[in-house]
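Numbering-wise, the sequence shown is residues 1 to 184 according to UniProt numbering.
Have a look at the structure below, then the notes.
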Amino acid sequence: MFCGHDGQCGCFVNQYVMPPLTAQPQPQPEMHDNLLDTAFQTPLLDEACLLPTTATAAAPLPAPFATAPQQPADAAACDVRRNRAPKRTASQLAYDKRQARILRNRESARRSRLRSKLRVQGLESAFASMSSENDALRNCVRQLLPVCLQRCPRLSGRLMHLLRDAQLVDALDGAGAAFVPGSC
């Protein structure tokens with residue numbers, strides 16, 4: 001039935017897919033005509049499937065075929081969105097928190113060292129070398145002791161012992177209200 005499809009045999013493939021090379025029509029076998037008639041009489045698709053109904057016409061399009069969202073008309077808004085800083089990852093945020101904590105601790109330690117230095121250099125050495133005959137030191141005690149009693153209870157306790165040793169307890173007259181017994 002199929003002979004290589006050179007156009008001379010008149011078979012099914014040559015007849016309808018590739019016409020014969022000769023101009024004269026070739027006789028067709030009866031079986032071929034019957035097959036073609038039945039094939040073209042049977043509809044491939046139901047015509048009702050091809051016509052849009054009201055339900056399908058009103059239904060929204062699926063997501064891939066939907067229209068793209070409209071961009072804002074303001075070009076500046078687009079630029080702002082485009083130039084926005086990228087979101088930071090969790091590791092970057094954790095690093096930032098650690099750095100902030102380190103800076104806070106450094107600042108706190110620096111202030112603590114400065115306070116200790118001022119206390120040790122400015123007050124304790126002066127009070128340790130006091131004597132009851134030195135009026136200038138007694139006046140210094142009267143001026144500095146109230147501030148010291150308000151800011152540092154532990155140092156105030158140590159100063160109280162130094163004052164007792166130096167017999168300068170009368171210097172507490174101006175700062176007695178600020179001193180809380182037992183704060184040392």
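Even for Gly, the Cβ is constructed at its ideal location relative to N, Cα and C.
Buried or exposed (CB count within 10 angstroms, at least 16 for buried), residue i
i      : result
ALA55  : With a pLDDT of 48 at ALA55, under the threshold of 50, the predicted position of this residue should be treated as unreliable, and no value is reported.
ARG104 : exposed
SER132 : Because SER132 carries a pLDDT of 48, less than 50, the predicted location of this residue cannot be relied on, and the following value inherits that uncertainty. SER132 comes out exposed.
ASP46  : The pLDDT assigned to ASP46 is 49, lower than 50, so where the model puts this residue is not dependable, and the model offers no usable value.
THR89  : exposed
ALA57  : Residue confidence for ALA57 is low, a pLDDT of 49 falling below 50, so the modelled location carries little weight and cannot support an answer.
ARG113 : exposed
LEU118 : exposed
The ligand SAH heavy atom lying under 7 Å from the CB of residue i
i      : result
ASN105 : With respect to the ligand SAH, the structure offers nothing, as it holds no ligand at all.
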